[in-house]
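Visitor: If you read the sequences in order, they're chains D and B.
Be aware that the first sequence starts at 20, since it is given in the working numbering, and climbs by one per residue.
Be aware that the second sequence starts at 8, since it is given in the working numbering, and climbs by one per residue.
Glycine included, every Cβ here is placed at the ideal spot set by N, Cα and C.
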Amino acid sequence: MNWWDDALHRATAEVLLAGALAGLVGVHVVLRRLSFFTMALTHATFPGVVAASIIGVNIIVGGAVAGAIVAVGVAALSRRRSQNTAAATGVMLSGGFALGAGLVASQNGFSRDLTSFLVGSILTVSPQDLMATAVALVVVAAVLLTCARPLRYSGFDPAGARAAGFATGGWDVVLLLVIEVAVVTIVPAVGTILALALIVAPAAAARQWSHRLSVITALAVTLGALSGLGGLYASSRWDVAAGASITLTATAVLALSTVLSRLVRTRPTVPVHLRAASA
Amino acid sequence: MNDAAAADAALRCTEVSVGYHGTPVLTNVTLDLVPGQRLALIGPNGAGKSTLIKSILGLVPVLAGTCTVLGRTPSHARTLIGYVPQTDSLDADFPVTAGQVVMMGRYRRIGWWRPTRGVDRRAVQEALDRLGLADHARTHFGVLSGGQRQRVLLARAIAAEPRLLLLDEPFNGVDLVSQDAILSVLRELGAAGTTLVLSTHDLTLAHEFADTVCVLNGRQWALGPPGATLTADTLRRAYGGHAIELRDGRTVLVEP
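1) So with CB distances below 7 Å, who are the chain D contacts of D98 of chain B?
2) Note down, in chain order, all residues in the stretch 233-250 of chain D with a beta-carbon under 7 Å from any beta-carbon belonging to chain B.
3) Which runs of the beta strand (DSSP E) fall wholly inside the stretch 116-153 of chain D and span at least 3 residues, in chain order?
4) Return yes when the Cβ of L43 of chain D is within less than 8 Å of the Cβ of L163 of chain D, no when it is not.
5) Going along the chain, which residues of its own chain have a beta-carbon closer than 7 Å to the beta-carbon of V202 of chain D, five neighbours each way excluded?
6) Is there contact here, the stretch 150-162 of chain D with the stretch 271-283 of chain D, by at least three beta-carbon pairs under 8 Å?
7) L156 of chain D and L36 of chain D - do their beta-carbons sit closer together than 8 Å?
8) If we ignore side chains and look at the alpha-carbon of each, how far apart do G308 of chain D and D95 of chain B end up?
9) Using the Cα positions of E22 of chain B and L46 of chain B, report the straight-line distance between them to the nearest angstrom.
10) So who's on the other strand from H147 of chain B, going by DSSP bridges?
11) In the DSSP assignment, find the unbroken beta strand (DSSP E) run with L45 of chain B in it and report its ends.
12) Relative to the alpha-carbon of S97 of chain D, which residue among D:L137, D:V144, D:L217, D:L53 has its alpha-carbon at the smallest distance?
13) Is it right to say E195 of chain B is buried, meaning 16 or more other beta carbons lie within 10 angstroms of its own, or is it exposed?
14) What three-state label does DSSP hand I88 of chain B in the structure shown?
15) For the beta strand (DSSP E) containing D39 of chain B, list its first residue and its last residue.
16) With 8 Å set as the bound, which would you pick, yes or no: does the beta-carbon of L50 of chain D sit closer than that to a beta-carbon of chain B?
17) Leaving out five residues on either side along the sequence, give the residues of the same chain with a beta carbon under 6 Å from the beta carbon of A99 of chain B.
18) Give the residues of chain B in contact with G184 of chain D, contact being defined as C-beta atoms less than 8 Å apart.
19) Establish whether the CB of L126 of chain B and some CB of chain D are separated by less than 8 Å.
20) Identify the continuous beta strand (DSSP E) that holds G26 of chain B and give its terminal residues.
21) Report the three-state DSSP secondary structure of A229 of chain B (helix, strand or coil).
22) Identify the residues that DSSP records as bridge partners of V76 of chain B: which are they?
23) Using the Cβ count rule (16 or more neighbours within 10 Å means buried), how would you classify N224 of chain B?
24) Would you kindly work out how many angstroms separate the C-alpha atoms of V200 of chain D and R163 of chain B, rounded to a whole number?
25) How is D175 of chain B classed by DSSP in three states: helix, strand or coil?
26) Along chain D, in chain order, which residues have C-beta atoms closer than 7 Å to that of F101 of chain B?
27) Just checking: is the beta-carbon of A178 of chain D within a distance shorter than 8 Å of some beta-carbon in chain B?
28) On the three-state DSSP scale, how would you describe L210 of chain B?
29) Let me know the secondary structure DSSP gives V222 of chain B once reduced to three states.
30) Which of helix, strand or coil does DSSP assign to A71 of chain B?
31) For H292 of chain D and L183 of chain B, I'd like the C-alpha separation in whole angstroms.
32) Exposed or buried, what is P146 of chain D when buried is set at 16 or more other beta-carbons lying within 10 Å of its beta-carbon?
33) With DSSP run on the structure shown, which of helix, strand or coil describes T202 of chain B?
34) When the Cα atoms are used, what is the spatial distance from A229 of chain B to I60 of chain B?
35) Check the Cβ-Cβ distances between R168 of chain D and every residue of chain B, and say whether any is below 8 Å.
36) Can you tell me whether G38 of chain D is buried or exposed, with buried defined as 16 or more other CB within 10 angstroms of its CB?
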């Protein structure tokens, strides 16, 4: 029997890859303060996934289309200062989710359970899903690596980056689309509601331990993969829903890291009084 | 004006109006700077100093008149222009070291994905040395003091080897040590032929730094040597009648 024929084996590989992918993009979500945008993305992919499921196309394609609309929409809104981006993002979040819920309710005898969208279904991961996650991880890592300089410059100093000739609006779209690819890949496994914690928590924990992007990234990827693995183990050990236990593990990792970094007084974040002085 | 003269000028603005969304915030600015000239833009908050600097960078549209940098339009001259933004526009929590910030000045030369070369690393080290930051190359930008941050940003601009350097309020929140370091490097750059444009509301620093002063507030009120422009009369008119005292030859702004 092939190793991949076992559902638990496939699930193990999927949580490792998805956790690493979540940690990798999570670093940029945390640094650029895009948690709320990412939250909107996870919920906006929901109607796309449901619609794809109804029509009978690949659900990742459906999620990708819905997510891309939100990513480009938010990028366009944030270019117009007068618009309240946070308000628009919030409306997209609940509007998208409502659309998905409405679609599910409108289908009599709908083959998939609503819960599987909301909290994921890691144990039903197919070899194709696994391959998609692996490809997404490689692509996202390659894009973040080759675009490290413009992303760093425009994240740190947008005005300076524009003055130096970088099209910061374009690079913002690149970053939003990278996050979108990761979200769309992770959501079927971990679920619409739960994906955000796996993306943000490992990166936020990693940020507490270093000021070097390379170290933060390595740490976030490791913590993301470990959260996935730990959550899956807890799920099979105590028979809890996998999506929920993965999310709880990621949350616990962040809580533990916060406590530890306070105890170990080497935590190298900027003291509040220096922040005020810089303004 | 012939083309050769335009190419000789480091910065030439002719009756320029700049602003946002078609509404001018600053009108009728006429400047003509030769290489090595040191210009201070003086004016109260909201006078349009930052907007003028951003329009020379090609970030804010020129609504009327023409502006050329070394004979080119601003957006075509970006590789020749260095820019030191106000530090409060930066994300100080972002995980970058002082050395990485200075390396940003080399990005245009390196390209956005090619590996850095020895010449880039030497330029970064040299720029850090000149501003007395050699020991801070690996220090996180966010833990530096306001003055050190400002010096890092100047080092970044120097590393790009610009021929025109624009500085937006470089002395805001800066300690005396950093202020002296910045002033002495700016003098060296001017002597080496780099044209400098600096905005400030500090009249004493303008006296120390500039060979030419441009007084702005909504429009250009005066242009010339510090002694001829930073007079009580000019400043009183530009600042809208705020009390201005003349004391032992120096002009002092007094808050109303």
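Guide: According to the structure shown:
1) For the purposes of this step, residue 98 of chain B is taken as the residue at position 91 of the second sequence. Residues of chain D passing the Cβ test: G174, F175.
2) So the close ones are I235.
3) none
4) To locate residue 163 of chain D, count along the first sequence from 1; it is residue 144. To locate residue 43 of chain D, count along the first sequence from 1; it is residue 24. Yes. Within cutoff.
5) Residue numbering aside, residue 202 of chain D sits at position 183 when the first sequence is read from its first letter. Excluding positions up to five away in sequence, the list reads T57, L60, T61, T64, G86, A214.
6) no
7) Your numbering for residue 36 of chain D matches position 17 in the first sequence. Your numbering for residue 156 of chain D matches position 137 in the first sequence. Yes.
8) Lying before the first or after the last residue shown, residue 308 of chain D is absent from chain D, which here runs from 20 to 298.
9) In the second sequence, the residue the question calls residue 22 of chain B occupies position 15. In the second sequence, the residue the question calls residue 46 of chain B occupies position 39. Rounded to whole angstroms, E22 of chain B to L46 of chain B spans 17 Å at the Cα level.
10) Residue 147 of chain B sits at position 140 when you count from the first residue of the second sequence. According to DSSP, H147 of chain B bridges with B:T104.
11) Counting from 1 along the second sequence, the entry for residue 45 of chain B is found at position 38. In the sequence as presented, Leu is not what sits at residue 45 of chain B; that position holds Arg. From DSSP, the beta strand (DSSP E) with R45 of chain B extends over 45-49.
12) The sequence position of residue 97 of chain D within the first sequence is 78, counting from 1. Cα-wise, what sits closest to S97 of chain D is D:L53.
13) The residue labelled residue 195 of chain B in the question sits at position 188 within the second sequence. Exposed: under 16 other Cβ atoms inside 10 Å.
14) Here residue 88 of chain B refers to the residue found at position 81 when the second sequence is read from its first residue. The answer is strand: DSSP assigns I88 of chain B an E or B state.
15) Locating residue 39 of chain B in the second sequence gives position 32, counting from the first residue. 30-40 is the extent of the beta strand (DSSP E) around D39 of chain B.
16) As a working note, residue 50 of chain D is residue 31 in the first sequence. Closer than 8 Å: yes.
17) Here residue 99 of chain B refers to the residue found at position 92 of the second sequence. If we look at A99 of chain B and ignore the five residues flanking it on each side, its Cβ neighbours are G149.
18) Here residue 184 of chain D refers to the residue found at position 165 of the first sequence. What G184 of chain D touches in chain B: R85, T86, R115.
19) Stepping through the second sequence from its first residue, residue 126 of chain B is reached at position 119. Before going further, note that residue 126 of chain B is Val rather than Leu in the sequence given. Contact of V126 of chain B with chain D is not assigned, every C-beta pair being separated by 8 Å or more.
20) The residue labelled residue 26 of chain B in the question sits at position 19 within the second sequence. Going by DSSP, G26 of chain B is part of the beta strand (DSSP E) stretching over 18-27.
21) Here residue 229 of chain B is taken as the residue at index 222 of the second sequence, counted from 1. A229 of chain B falls in the strand class under three-state DSSP.
22) By 1-based counting over the second sequence, the position of residue 76 of chain B is 69. Answer is B:L18, B:R79, bridged to V76 of chain B.
23) Counting from one through the second sequence, the residue named residue 224 of chain B turns up at place 217. Result: buried.
24) Numbered from 1 along the first sequence, position 181 holds the residue referred to as residue 200 of chain D. Numbered from 1 along the second sequence, position 156 holds the residue referred to as residue 163 of chain B. Taking the straight line joining both Cα atoms gives about 34 Å.
25) Position 168 of the second sequence, counted from the first residue, corresponds to residue 175 of chain B. It is a strand residue.
26) Within the second sequence, numbered from 1, the residue matching residue 101 of chain B stands at position 94. Under the 7 Å cutoff, chain D gives L50, G174, F175.
27) Position 159 of the first sequence, counted from the start, is the residue given in the question as residue 178 of chain D. Yes, A178 of chain D counts as interfacial toward chain B.
28) Sequence index remark: in the second sequence, residue 210 of chain B carries index 203 (1-based). DSSP places L210 of chain B in helix when its eight states are reduced to three.
29) Residue 222 of chain B sits at position 215 when you count from the first residue of the second sequence. If DSSP states are grouped into helix, strand and coil, V222 of chain B belongs with the strands.
30) The residue labelled residue 71 of chain B in the question sits at position 64 within the second sequence. Strand.
31) For the purposes of this step, residue 292 of chain D is taken as residue 273 along the first sequence, with counting starting at 1. For the purposes of this step, residue 183 of chain B is taken as residue 176 along the second sequence, with counting starting at 1. Unreliable positioning characterises H292 of chain D in this predicted model, as indicated by a pLDDT of 48, which lies under 50. A coordinate reading is not provided.
32) Reading the first sequence from its first residue, position 127 is the one you call residue 146 of chain D. P146 of chain D is exposed by the Cβ-count criterion.
33) In the second sequence, the residue the question calls residue 202 of chain B occupies position 195. Strand, per DSSP.
34) The residue labelled residue 229 of chain B in the question sits at position 222 within the second sequence. The residue labelled residue 60 of chain B in the question sits at position 53 within the second sequence. A229 of chain B and I60 of chain B have their alpha carbons spaced roughly 17 Å apart.
35) Within the first sequence, numbered from 1, the residue matching residue 168 of chain D stands at position 149. Judged by the 8 Å Cβ criterion, R168 of chain D is in contact with chain B.
36) Residue numbering aside, residue 38 of chain D sits at position 19 when the first sequence is read from its first letter. The residue in question, G38 of chain D, is buried, as its Cβ has 16 or more Cβ neighbours within 10 Å.
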